[in-house]
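Student: I have a structure here, written as structure tokens, and I will follow up with some questions on it.
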Amino acid sequence: MKEIKLLALDMDGTSYHKMAGIILDNVEPIKKAIAKGVKLAFVTGRPAVSKLNELEKYGFDKDSEIIVGCNGGCIYDLKNHKVIESNCIDSITAKAVFEEALKHNACMWGYTDDLNKVVVTKNSINSKDYILEKGFFDGEVLFYEDVKNDFSFKFFKLLGFQGNEKLYNLLEENFDLNISTNDNLIGEINVKGINKAYALKWLSNFYNIPVDNMAAIGDGMNDYPMIQIAGIGVGIANSVQPIKDIADVYINKTNVEGAVKEFIETYILGEK
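Quick note on my numbering: the sequence shown kicks off at 67 and runs consecutively.
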């Protein structure tokens, strides 16, 4: 087994409950891994700054220097509370994406690059997906239909709800975007080349740690690029099948059954 010098953890469905807080059983083993000298990086599709991330609550803002949010769209310095790299979808492309979503009767949510605003389509406000996503965000919600005539926003990430394969294929092919989806309903949309593999390469440069000495754990298709590139890519019981197919290590437990805890205790702490 390769030496693990950095542990990259997805949040939702991996180290955290889906659309909620951290799985409490993970806190102690993560802390022990950090005490052993392993760097921790949360690499998530979530916004980097969100109450549901709970980084301050458990001291992870002190333990970890960086959180990668929006699948690499936003790299955030936890020590100095600032964005240190933005990889944004430009306003012209974003407006075209919003328009295409409406043509396909899909909803769109966009995280702007100032951390304090999101832009959403009006058709999304009664959807379950909108209500869940709103749990991550306390700032100002702007409706696309109200701002489209003066549209100068840049976006860390766009998020499609109630989409379809035709829409996401069209966006990817026509607008030079990277789209990850588990079910063709919810689509995570980033600038082409920006994904969680990019995040690991960035962390490699930042910490001077080879990607080969990183372990990455994730469950969804937005995690696939980092599972593929990491020295030790880890799948868990609730991972999508493509991740299970390429994982170097498979933990036969779900996120809530303690998959992350099991991996850390076995492969980093050597307690099992």
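Backbone N, C-alpha and C fix where the C-beta goes; we use that ideal spot for every residue, glycine too.
1) G205 to K68, Cα distance in whole Å?
2) Given this structure, state the Cα-to-Cα distance separating N215 from Y234, to the nearest angstrom.
3) Would you give the residue range spanned by the beta strand (DSSP E) that T178 belongs to?
4) In terms of alpha-carbon separation, which member of E131, V163, L266, N250 lies closest to F221?
5) Measuring straight from C-alpha to C-alpha, what distance separates L118 and E238?
6) Anyone know if the C-beta pair for G138 and N261 falls short of 7 Å?
7) Less than 8 Å between C-beta atoms, sequence neighbours within five positions excluded: which residues of the same chain meet that for L208?
8) Determine the DSSP secondary structure at D129, reduced to helix, strand or coil.
9) Helix, strand or coil: which one does DSSP assign to M280?
10) If you check the beta carbons only, do Y264 and K105 fall under 7 Å apart?
11) Can you tell me whether E40 is buried or exposed, with buried defined as 16 or more other CB within 10 angstroms of its CB?
12) Using only alpha-carbon positions, find the residue among E231, N250, T178, L236 that is nearest to P113.
13) Would you decide whether E199 is buried or exposed? Buried here means 16 or more other CB atoms lie within 10 Å of its CB.
14) To which residues of the same chain is S81 closer than 6 Å at the C-beta, ignoring the five residues directly before and after it?
15) With a 10 Å radius around its C-beta and 16 neighbouring C-beta atoms as the bar for buried, classify L90 as buried or exposed.
16) At which residues does the alpha helix (DSSP H) containing F219 begin and terminate?
17) Please confirm if the segment 145-158 is in contact with the segment 289-300, defined as three or more CB-CB distances below 8 Å between the two stretches.
18) How many Å lie between G79 and V322 at the Cα?
19) So if DSSP puts C154 in a beta bridge, which residue, or which two residues, is it bridged to?
20) Our contact map puts S305 next to D285 with C-beta atoms below 8 Å; I'd like the distance itself, whole angstroms only.
21) Could you give the DSSP three-state label for A160: helix, strand or coil?
22) Quickly, what does DSSP pair G299 with across the bridge? List them, please.
23) So for G226, helix, strand or coil by DSSP?
24) Quick one: give me the first and last residue of the beta strand (DSSP E) that Y142 is part of.
25) Please say whether I334 and V315 have beta carbons closer to each other than 7 Å?
26) L72 and A99 look like a contact to me (Cβ under 8 Å); what is the Cβ gap, rounded to whole Å?
27) Provide the residue span of the alpha helix (DSSP H) that contains I96, from first to last.
28) Starting from A107, follow its DSSP beta bridges and name the residues at the other end.
Tutor: Let me lay it out:
1) Locating residue 205 in the sequence shown gives position 139, where the first residue counts as 1. Locating residue 68 in the sequence shown gives position 2, where the first residue counts as 1. Those two C-alpha atoms are separated by around 42 Å.
2) Here residue 215 is taken as the residue at index 149 of the sequence shown, counted from 1. Here residue 234 is taken as the residue at index 168 of the sequence shown, counted from 1. The alpha-carbon atoms of N215 and Y234 are separated by roughly 24 Å.
3) Along the sequence shown, read from residue 1 onward, the residue named residue 178 stands at position 112. Bounds of the beta strand (DSSP E) holding T178 are 173-178.
4) Indexing the sequence shown from 1 puts residue 221 at position 155. Of the candidates E131, V163, L266, N250, the one whose C-alpha sits nearest the C-alpha of F221 is V163.
5) As a position in the sequence shown, residue 118 is number 52, starting the count at 1. As a position in the sequence shown, residue 238 is number 172, starting the count at 1. Within the model, the alpha-carbon separation for L118 versus E238 is close to 30 Å.
6) One-based indexing of the sequence shown puts residue 138 at position 72. One-based indexing of the sequence shown puts residue 261 at position 195. It is a contact, given that the beta carbons lie within the stated cut-off.
7) The residue labelled residue 208 in the question sits at position 142 within the sequence shown. The residues are K183, V184, V185, V186.
8) Sequence index remark: in the sequence shown, residue 129 carries index 63 (1-based). Helix at D129.
9) For the purposes of this step, residue 280 is identified with residue 214 of the sequence shown, where counting begins at 1. In the three-state DSSP reduction, M280 falls in the strand class (E or B).
10) To locate residue 264, count along the sequence shown from 1; it is residue 198. To locate residue 105, count along the sequence shown from 1; it is residue 39. In this structure, the beta-carbon distance from Y264 to K105 does not fall below 7 Å.
11) The displayed coordinates of the chain run from 67 to 338. Any statement about residue 40 would go beyond what the structure contains.
12) Position 47 of the sequence shown holds residue 113. Of the candidates E231, N250, T178, L236, the one whose C-alpha sits nearest the C-alpha of P113 is T178.
13) As a first step, residue 199 is located in the sequence shown; it is residue number 133 there, counting from the start. Label assigned to E199: buried.
14) Within the sequence shown, numbered from 1, the residue matching residue 81 stands at position 15. L75, N92, V326.
15) Here residue 90 is taken as the residue at index 24 of the sequence shown, counted from 1. With a threshold of 16 other beta carbon atoms within 10 Å, L90 falls short and is exposed.
16) Looking up residue 219 in the sequence shown gives position 153. For F219, no alpha helix (DSSP H) run applies, since DSSP gives it neither H nor E.
17) Verdict: no, contact absent.
18) For this step, residue 79 is matched to residue 13 along the sequence shown. For this step, residue 322 is matched to residue 256 along the sequence shown. C-alpha separation (whole angstroms): 8 Å.
19) Residue numbering aside, residue 154 sits at position 88 when the sequence shown is read from its first letter. BP columns for C154 are empty, so no partner.
20) Residue numbering aside, residue 305 sits at position 239 when the sequence shown is read from its first letter. Residue numbering aside, residue 285 sits at position 219 when the sequence shown is read from its first letter. Contact holds; Cβ gap of about 5 Å.
21) Taking the first residue of the sequence shown as 1, we reach residue 160 at position 94. A160 sits in a helix when the DSSP states are folded into three classes.
22) By 1-based counting over the sequence shown, the position of residue 299 is 233. In the DSSP output, where bridge partners are listed per residue, G299 has A282.
23) The count along the sequence shown starts at 1 and reaches residue 226 at position 160. In the structure shown, G226 falls within a strand segment according to DSSP collapsed to helix, strand and coil.
24) Here residue 142 refers to the residue found at position 76 of the sequence shown. Segment 140-143, the beta strand (DSSP E) holding Y142.
25) Here residue 315 refers to the residue found at position 249 of the sequence shown. Here residue 334 refers to the residue found at position 268 of the sequence shown. With respect to I334, V315 sits apart: the two C-beta atoms are not nearer than 7 Å.
26) Residue mapping note: residue 72 aligns to position 6 of the sequence shown, counting from 1. Residue mapping note: residue 99 aligns to position 33 of the sequence shown, counting from 1. Not a contact, Cβ separation roughly 10 Å.
27) Position 30 of the sequence shown, counted from the first residue, corresponds to residue 96. Where I96 is concerned, the enclosing alpha helix (DSSP H) stretches over 93-101.
28) In the sequence shown, the residue the question calls residue 107 occupies position 41. Beta-bridge pairing links A107 to A74.
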